[in-house]
Every structure is written in structure tokens, then in C-alpha cells.
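*Asks:*
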Amino acid sequence: MAANSVDWVAGGWHAAGNERRWWQRLTGPEAYRGWVMRGLLCAGLLLAGLVQADEPQVVNINSADATTLAQVLDGVGLSRAQAIIDYRDRHGDFRDAYELANIKGIGERTVEQNEHRILLAD
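Count along the sequence shown from 1, then add 125; that gives the number in the working numbering.
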């Protein structure tokens, strides 16, 4: 029988020259090292995604479109974002972030939550 041949042995496949069965190769120090490395890799990838997600986004409320406003500002959906644009079109550029509180559905609390995300000029 060739050294690379695989035979069916009671209980599972058996590779000639290697007495360990396939399920036995899933345990042991070498296998645990591999599982630990896979786990660390997955944890690292997950944490990298969280770190990227924590980067604060900012938006210029005097030039952004409704989609961008809705994506960046917390508590502002597409309808409120469109209301921001409508207000801006009627009254001109915002001079202060707290002017947003004049828009129906946007209060001072929403402005305070988003103050670090709001730009008035590029």
C-alpha cells in the first residue's frame, strides 16, 4: 500500500502512515494552537471594525444633502433631514447649530447630541 493511500477503517478514514483519525487531529496541542490563532484573528477583525466605526463623522449642514444628513446625525431620519434642507432654502445658511431647534421635530437635545458632528463651513 502506498504511503499516501487512505483506507476505510472501522470508525473512520485512516491515512496510511498516520495512526490518528481525522477527529483525533481536531484535538491535541497543535490543533488547540490553531483554534486559538483563529479565535484571535476573528477577535482582531471584529475589534478593527469597531475602532473604524468609532471615528466621528462630521457634516456641513449648510451644504449636505438629505441622505448625508440622515446618515451622520443621530435622531435625524430622511424626513427630518429634508426639513433641514427646506429650512435652509427658506432662511439661508445656518449661522449657529442651535438654529436646527427651530425645525419641527428637532429639539435642543438632538442638537446637543450632534453638536460634535455639525459643521457650518467647509
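Ideal Cβ placement from N, Cα and C applies to all residues, glycine included. Everything numeric in this text was worked out from a predicted model, so none of it was measured.
Would you say the stretch 228-245 touches the stretch 190-200, given that touching needs at least three Cβ pairs under 8 Å?
*Replies:* yes
*Asks:* Could you give the DSSP three-state label for L245: helix, strand or coil?
*Replies:* Against the sequence shown, residue 245 aligns to sequence position 120. Correct three-state label for L245: coil.
*Asks:* Where do the ends of the alpha helix (DSSP H) carrying Y212 lie?
*Replies:* Translated into the one-based positions of the sequence shown, residue 212 becomes position 87. Where Y212 is concerned, the enclosing alpha helix (DSSP H) stretches over 203-216.
*Asks:* Where does V184 fall in DSSP's three states?
*Replies:* Locating residue 184 in the sequence shown gives position 59, counting from the first residue. Of the three classes helix, strand and coil, the one that applies to V184 here is strand, per DSSP.
*Asks:* Using only CA atoms, which one of D221, V161, A226 lies nearest to A208?
*Replies:* Sequence index remark: in the sequence shown, residue 208 carries index 83 (1-based). Taking each of D221, V161, A226 in turn and checking the Cα distance to A208, the smallest one comes out for A226.
*Asks:* With DSSP run on the structure shown, which of helix, strand or coil describes L198?
*Replies:* To locate residue 198, count along the sequence shown from 1; it is residue 73. Looking at L198 - three-state DSSP - the assignment turns out to be coil, as it is neither helix nor strand.
*Asks:* Mind checking which residues open and close the alpha helix (DSSP H) that includes E233?
*Replies:* Taking the sequence shown and counting its residues from 1, one reaches residue 233 at position 108. Run containing E233: 233-239, per the alpha helix (DSSP H) assignment.
*Asks:* Please state whether DSSP places R220 in a helix, a strand or coil.
*Replies:* By 1-based counting over the sequence shown, the position of residue 220 is 95. Of the three classes helix, strand and coil, the one that applies to R220 here is coil, per DSSP.
*Asks:* Can you name, in chain order, every residue of its own chain whose Cβ lies under 6 Å from the Cβ of Y212, other than the five neighbours on each side?
*Replies:* Taking the sequence shown and counting its residues from 1, one reaches residue 212 at position 87. Hits under 6 Å: I228.
*Asks:* Mind reading off the beta-carbon distance from A222 to V236? Whole number of angstroms is fine, and I expect it under 8 Å.
*Replies:* Counting from one through the sequence shown, the residue named residue 222 turns up at place 97. Counting from one through the sequence shown, the residue named residue 236 turns up at place 111. The Cβ separation is near 6 Å, so the contact holds.
*Asks:* Can you tell me whether V184 is buried or exposed? The criterion is at least 16 other CB atoms within 10 Å of its CB, across all chains shown.
*Replies:* Sequence index remark: in the sequence shown, residue 184 carries index 59 (1-based). Classification for V184: buried.
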